[in-house]
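Reading through the structure tokens given below for one structure.
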Amino acid sequence: MVTRILDAEKGLDEAVSLLKAGELVAFPTETVYGLGADAFNGDAVKKIFEAKGRPQDNPLIVHIASVEQAAEVARDIPDEFYILAREFMPGPLTVVLPKSDAVPGVVTAGGDTVAVRMPSHPVARRLIAASMPLAAPSANRSKHISPTTARHVLDDLDGRVPLILDGGECGVGIESTVLDLTSAVPTVLRPGAVTEEMIAELLGKVGSLSPGAVIGRAKSPGMKYTHYAPSVPAVVAMSEEAALARYDEIAAAGGRPVLLMTEPHRAAAGGRAFISLGEDAVDYMRLFYAAMREAESARDYIIIEGLTGGGEARSIMNRVLKSSGGNVIG
Ligand code: AMP
Ligand code: MG
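If you're matching positions, the sequence shown starts at 1 in the UniProt record's numbering and goes up one per residue.
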């Protein structure tokens with residue numbers, strides 16, 4: 001199969017035709033690029049798992065173009081959904097709801113709940129509005145780093161998908177927050193740019209699952225898999241001293257390490273290889289995956305700045321820890 005990249009404006013009509021014919025289209029969202037298929041067409045959705053090499057028991061998120069469309073894919077929708085929707089939809093928040101019969105089991109890994117999100121990216125919104133709700137995971141090979149540009153998608157899925165819509169760089173940079181509204185207490189299954197603190201402000205009590213606690217839970221089977229992994233070793237450094245010491249150690253042994261750090265650390269890094277994560281947590285979130293892809297292609301050992309605290313920092317660290325296999329120093 002030949003994979004084409006088209007400017008999102010020019011390629012929209014063709015993308016809609018492909019989706020209606022049961023084919024896949026990669027498209028930009030504000031979080032990361034998605035690989036979409038008609039959420040009501042089980043055969044089309046199966047192609048997503050094949051193209052990505054994704055395990056069948058890892059469920060997909062259904063992307064909708066309006067709050068009303070949630071009723072097409074979910075049932076018994078609680079008030080909390082509409083309270084959250086007023087504040088965060090469209091946006092980087094996914095909500096787990098009871099599934100409607102219209103959604104085939106392949107989308108939900110056989111489960112009776114469905115994850116629903118309304119993306120804010122204009123291309124994603126227009127694409128869904130002109131076609132149908134789209135089942136879509138991130139548009140990377142399973143377990144690899146999520147894509148934040150059309151080029152990243154091509155690097156992972158060339159020859160495996162017919163069309164990639166290019167809508168530039170993603171603005172948020174990590175996957176959506178996943179919030180389960182089918183449990184007794186609303187529970188964050190995956191942290192993201194919509195933080196636990198923001199949700200708690202609206203809903204009151206909110207629970208969260210530590211990554212370790214999720215393993216083996218039927219509720220979110222996909223969370224047991226390795227994610228976001230680069231092709232070279234990576235370590236998280238909780239202090240500048242630890243980062244620089246590890247760098248020098250690896251370099252002295254003949255390795256080619258690189259520091260992934262925010263600008264305040266650039267001066268101390270001196271002449272060492274350095275990829276910038278910007279000025280603050282919001283920059284870090286947006287730039288992290290692209291920095292990881294650049295690092296793995298140019299160097300052979302990645303040293304990542306660790307963050308402490310809640311809010312965005314906690315969501316970033318969730319991805320950083322998975323990317324490094326939980327390998328933390330200093
Ligand atoms: P991805 O789009 O590749 O980041 O994967 C989607 C993720 O959403 C899955 O790995 C799960 O963590 C989560 N998810 C999707 N559907 C459900 C569901 N029905 N229940 C719980 N979590 C879900
Ligand atoms: Mg993914």
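Think of the CB as a built atom: it goes at the ideal place given N, C-alpha and C, for glycine as much as any other residue.
On the premise that residue j lies in contact with residue i, defined as a C-beta separation below 8 Å, what is that separation, rounded to the nearest angstrom?
i	j	result
Gly36	Leu163	In fact, because the Cβ distance is near 10 Å, the residues do not count as touching under 8 Å.
Ala234	Arg246	Wrong, their Cβ atoms sit about 11 Å apart, outside the cutoff.
Thr94	Ser176	4 Å
Pro104	Gly42	4 Å
Gly91	Val16	About 23 Å; that fails the 8 Å criterion.
Helix, strand or coil, according to DSSP, for residue i in the structure here?
i	result
Lys143	coil
Asp166	strand
Phe88	helix
residue 357	This structure cannot settle anything about residue 357, because the visible part of the chain is limited to 1 through 330.
Ala218	Note that Ala218 has pLDDT 42, beneath the 50 cutoff, so the model's placement of it is unreliable and the number below is only indicative. Coil at Ala218, not helix or strand.
Met1	coil
Val257	According to the sequence displayed, residue 257 carries Pro and not Val. Three-state DSSP puts Pro257 in a strand.
Ala135	strand
Asp121	According to the sequence provided, residue 121 is His. The question's Asp does not apply to it. His121: coil per DSSP, three-state reduction.
Ala273	coil
Arg151	helix
His265	helix
Ala234	strand
Leu181	coil
Asp57	coil
Please find out if some non-hydrogen atom of the ligand AMP comes closer than 6 Å to the beta-carbon of residue i.
i	result
Pro104	no
Pro59	yes
Leu189	yes
Pro137	yes
Val235	no
Gly111	yes
Thr149	no
Could you pull out every residue in the same chain whose Cβ sits closer than 7 Å to the Cβ of residue i, ignoring the five residues on either side in sequence?
i	result
Asp101	none
Lys205	Val185
Val161	Thr3, Leu24, Ala26, Leu35, Ala51
Ala218	Residue placement at Ala218 is poorly supported in this model, since its pLDDT is 42, which falls under 50; the coordinates are not used for a value here.
Asp248	none
Examine the ligand MG and report whether any of its heavy atoms sits within less than 6 Å of the Cβ of residue i.
i	result
Ser315	no
Pro92	no
Look at residue i and residue j and say whether their C-beta atoms are less than 7 Å apart.
i	j	result
Ile302	Ala295	yes
Val114	Val73	yes
Val116	Val32	no
Glu279	Glu305	no
Ala150	Ile5	yes
Might you give, ordered along the chain, the residues of its own chain that have their beta carbon closer than 6 Å to the beta carbon of residue i, omitting 5 neighbours on each side?
i	result
Glu196	Val188, Val206, Ser208
Pro78	Leu181
Asn318	Pro191
Pro28	His121, Val123, Gly167
Leu19	Val25, Asp38, Ser131
Return the chain-ordered list of same chain residues with a C-beta closer than 8 Å to the C-beta of residue i, the five sequence neighbours on each side being excluded.
i	result
Ala268	Glu240, Leu244
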